[in-house]
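A quick write-up on the structure given underneath.
Written out as structure tokens, the structure is:
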């Protein structure tokens with residue numbers, strides 16, 4: 012079930028992401044080529060595109076994992092370049108298809124480590140809350156290596172949301188999740204939006220993306236070639252337009 | 026909505042306080058030590074390697090040709106250098122599996138804290154190997170350490186610091202390459218030469234009962250190396266992370 016944005020209107024209206032002319036080159040190749048993006052609290056951008064068009068690179072730029080070759084990006088009004096990006100990064104949560112967990116540590120230890128790294132005052136409590144939100148608290152003391160792929164993904168999501176990020180960057184977050192895990196993730200994303208967070212969801216599944224989105228975009232050769240509000244998008248025609256754009260590159 | 030209430034507390038005393046350099050360094054080091062404590066693979070590998078190395082050197086040694094007191098310092102520091110590499114190899118290896126490094130880099134801590142945290146964990150790892158390897162050398166070669174154990178401990182810690190400072194940086198550089206296991210020794214060993222030389226020369230003078238003044242020039246090299254490379258590697262580390 013998707014929670015509708017219901018936080019304080021002022022909180023939801025706050026700009027969360029303000030990216031202007033982001034460029035990232037690798038060698039001579041422009042992986043991200045002049046992307047501008049503006050998202051407010053409560054909004055969710057579903058980002059589609061074939062492999063290798065720069066979606067993940069864009070996410071890594073917004074997460075502060077990569078420095079842009081050109082352009083600026085503010086998260087919650089703070090530049091990713093200010094104070095080494097620490098303040099801006101503290102407002103971002105990153106969910107990926109890779110678990111980003113330490114297999115020798117337990118689920119709780121992994122999430123608690125993240126909570127401490129984000130400076131939470133009560134890391135143990137926060138970790139348990141996040142694990143409960145992802146419905147995996149009963150496996151809190153299990154080493155991650157002993158968990159199934161789906162449960163690892165749930166722990167990974169708990170790690171990403173433990174600090175209640177203002178911006179959640181999700182790269183194929185539903186990968187490996189069963190029905191319970193998917194529902195827990197959808198609820199957690201909905202709740203974050205309800206409290207003024209913005210989401211950027213990268214997925215190949217149009218239906219899944221459009222179900223959550225307030226905006227939809229298609230990326231090709233490092234640029235947004237389509238960007239529109241969800242209300243203006245018709246699922247069937249969007250799917251055929253997407254297929255056309257994807258096959259045009261083949 | 027989700028099962029648990031999952032809202033950030035609004036009370037100001039509950040507001041997050043981003044960890045400073047020292048706190049973040051300790052968090053990273055503690056995490057690495059916890060992983061090593063759970064798995065114990067690298068520590069036992071390094072220890073077994075050190076003891077096997079000592080045994081091989083022992084059986085290859087002709088006591089009638091070379092005195093134990095002349096051979097032991099070289100053996101000690103060569104063994105120590107190579108066993109230390111095993112720990113350094115693992116340092117960033119644990120971050121590669123499942124891309125845990127991404128989560129570490131996305132955290133709101135200074136990049137230098139990641140390097141320093143890794144270096145602290147590696148230092149304790151290497152020091153742990155030394156605690157067993159040094160008495161083992163004394164036992165194998167029957168060299169008296171009783172009177173010099175304090176000075177030798179100081180040299181061992183200084184040598185460990187230099188090896189860890191350089192090795193941690195190169196471990197971060199090598200881990201993303203396909204030949205990481207080969208590249209780390211190739212990059213690190215040339216830089217370890219001054220450390221091994223200074224440590225071996227100082228140890229041999231101490232074991233021979235020479236005046237301390239004779240060891241000072243070598244000790245100064247060791248101190249200088251540590252000072253320069255700890256600072257230089259901490260500053261250089263963030264640049265190794267850029268893709």
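Residue numbers (the working numbering), protein chains in the order written: chain A, 12 to 261; chain B, 26 to 268. Backbone N, C-alpha and C define an ideal beta-carbon position, used for all residues, glycine too.
Residue i versus the options, residue with shortest Cα-Cα distance
{"i": "residue 103(B)", "options": "225(B), 61(B), 251(B), 139(B)", "result": "225(B)"}
{"i": "residue 74(B)", "options": "260(B), 101(B), 265(B)", "result": "101(B)"}
{"i": "residue 67(A)", "options": "245(A), 239(A), 183(A)", "result": "183(A)"}
{"i": "residue 171(B)", "options": "218(B), 231(B), 84(B), 251(B)", "result": "231(B)"}
{"i": "residue 149(A)", "options": "160(A), 133(A), 166(A)", "result": "166(A)"}
{"i": "residue 264(B)", "options": "236(B), 132(B), 194(B)", "result": "194(B)"}
{"i": "residue 244(B)", "options": "258(B), 256(B), 229(B)", "result": "229(B)"}
{"i": "residue 206(B)", "options": "112(B), 46(B), 65(B)", "result": "112(B)"}
{"i": "residue 174(B)", "options": "201(B), 134(B), 234(B)", "result": "234(B)"}
{"i": "residue 257(A)", "options": "30(A), 63(A), 28(A), 54(A)", "result": "63(A)"}
{"i": "residue 266(B)", "options": "39(B), 130(B), 53(B), 236(B)", "result": "130(B)"}
{"i": "residue 57(B)", "options": "256(B), 203(B), 117(B)", "result": "117(B)"}
{"i": "residue 40(B)", "options": "116(A), 55(A), 132(A)", "result": "132(A)"}
{"i": "residue 115(B)", "options": "45(B), 47(B), 70(B), 259(B)", "result": "70(B)"}
{"i": "residue 199(A)", "options": "151(A), 159(A), 144(A)", "result": "144(A)"}
{"i": "residue 128(A)", "options": "46(B), 242(B), 258(B), 257(B)", "result": "46(B)"}
{"i": "residue 23(B)", "options": "242(B), 257(B), 227(B)", "result": "Chain B is shown only over 26 to 268; residue 23(B) falls outside these bounds and no answer can be derived."}
{"i": "residue 78(A)", "options": "185(A), 153(A), 37(A)", "result": "37(A)"}
Separation of residue j from residue i, as counted between CA atoms
{"i": "residue 33(A)", "j": "residue 114(A)", "result": "35 Å"}
{"i": "residue 136(B)", "j": "residue 155(A)", "result": "26 Å"}
{"i": "residue 255(A)", "j": "residue 219(A)", "result": "19 Å"}
{"i": "residue 29(B)", "j": "residue 183(B)", "result": "Caution applies to residue 29(B), whose pLDDT of 44 falls short of 50 and renders its modelled position unreliable; the value that the coordinates give is listed next. If you take the alpha carbons of residue 29(B) and residue 183(B), they lie about 51 Å apart."}
{"i": "residue 15(A)", "j": "residue 187(A)", "result": "With a pLDDT of 41 at residue 15(A), under the threshold of 50, the modelled position of this residue cannot be trusted; read the value that follows with caution. Rounded to the nearest angstrom, the two C-alpha atoms are 25 Å apart."}
{"i": "residue 104(A)", "j": "residue 119(A)", "result": "18 Å"}
{"i": "residue 253(A)", "j": "residue 154(B)", "result": "58 Å"}
{"i": "residue 40(A)", "j": "residue 83(B)", "result": "56 Å"}
{"i": "residue 222(B)", "j": "residue 147(B)", "result": "21 Å"}
{"i": "residue 234(A)", "j": "residue 42(A)", "result": "9 Å"}
{"i": "residue 246(A)", "j": "residue 216(A)", "result": "12 Å"}
{"i": "residue 99(B)", "j": "residue 218(B)", "result": "12 Å"}
{"i": "residue 90(B)", "j": "residue 161(B)", "result": "22 Å"}
{"i": "residue 106(B)", "j": "residue 204(B)", "result": "20 Å"}
{"i": "residue 86(B)", "j": "residue 128(B)", "result": "49 Å"}
{"i": "residue 72(B)", "j": "residue 156(B)", "result": "10 Å"}
{"i": "residue 138(A)", "j": "residue 170(A)", "result": "8 Å"}
{"i": "residue 66(B)", "j": "residue 225(A)", "result": "49 Å"}
Cβ pair residue i, residue j closer than 8 Å
{"i": "residue 173(A)", "j": "residue 70(A)", "result": "no"}
{"i": "residue 130(A)", "j": "residue 100(A)", "result": "no"}
{"i": "residue 223(A)", "j": "residue 57(A)", "result": "yes"}
{"i": "residue 68(B)", "j": "residue 165(B)", "result": "no"}
{"i": "residue 168(A)", "j": "residue 210(A)", "result": "no"}
{"i": "residue 123(A)", "j": "residue 135(A)", "result": "yes"}
{"i": "residue 179(B)", "j": "residue 254(B)", "result": "no"}
{"i": "residue 229(A)", "j": "residue 237(A)", "result": "yes"}
{"i": "residue 141(B)", "j": "residue 209(B)", "result": "no"}
{"i": "residue 26(A)", "j": "residue 88(A)", "result": "yes"}
{"i": "residue 179(A)", "j": "residue 203(A)", "result": "yes"}
{"i": "residue 231(A)", "j": "residue 176(A)", "result": "no"}
{"i": "residue 145(B)", "j": "residue 60(B)", "result": "no"}
{"i": "residue 49(B)", "j": "residue 134(B)", "result": "yes"}
{"i": "residue 30(A)", "j": "residue 73(A)", "result": "yes"}
{"i": "residue 201(A)", "j": "residue 164(A)", "result": "no"}
{"i": "residue 161(A)", "j": "residue 189(A)", "result": "yes"}
{"i": "residue 262(B)", "j": "residue 197(B)", "result": "yes"}
Secondary structure of residue i, DSSP reduced to three states
{"i": "residue 154(B)", "result": "helix"}
{"i": "residue 242(B)", "result": "helix"}
{"i": "residue 15(A)", "result": "Its pLDDT being 41, under 50, residue 15(A) is placed unreliably in this model, and the value from its coordinates should be taken loosely. Of the three classes helix, strand and coil, the one that applies to residue 15(A) here is coil, per DSSP."}
{"i": "residue 224(A)", "result": "coil"}
{"i": "residue 173(B)", "result": "coil"}
{"i": "residue 119(A)", "result": "helix"}
{"i": "residue 31(A)", "result": "strand"}
{"i": "residue 128(A)", "result": "helix"}
{"i": "residue 184(A)", "result": "coil"}
{"i": "residue 26(B)", "result": "Residue confidence for residue 26(B) is low, a pLDDT of 38 falling below 50, so the modelled location carries little weight; the figure read from the coordinates is stated next. Coil."}
{"i": "residue 138(A)", "result": "helix"}
{"i": "residue 152(A)", "result": "coil"}
{"i": "residue 95(B)", "result": "helix"}
{"i": "residue 197(A)", "result": "helix"}
{"i": "residue 147(A)", "result": "coil"}
{"i": "residue 100(B)", "result": "helix"}
{"i": "residue 40(A)", "result": "strand"}
{"i": "residue 45(A)", "result": "strand"}
{"i": "residue 213(A)", "result": "strand"}
{"i": "residue 45(B)", "result": "coil"}
{"i": "residue 230(A)", "result": "strand"}
For this session: Examine the Cβ distances between the segment 110-130 of chain B and the segment 80-87 of chain A and report whether three or more of them are shorter than 8 Å.
Result: no
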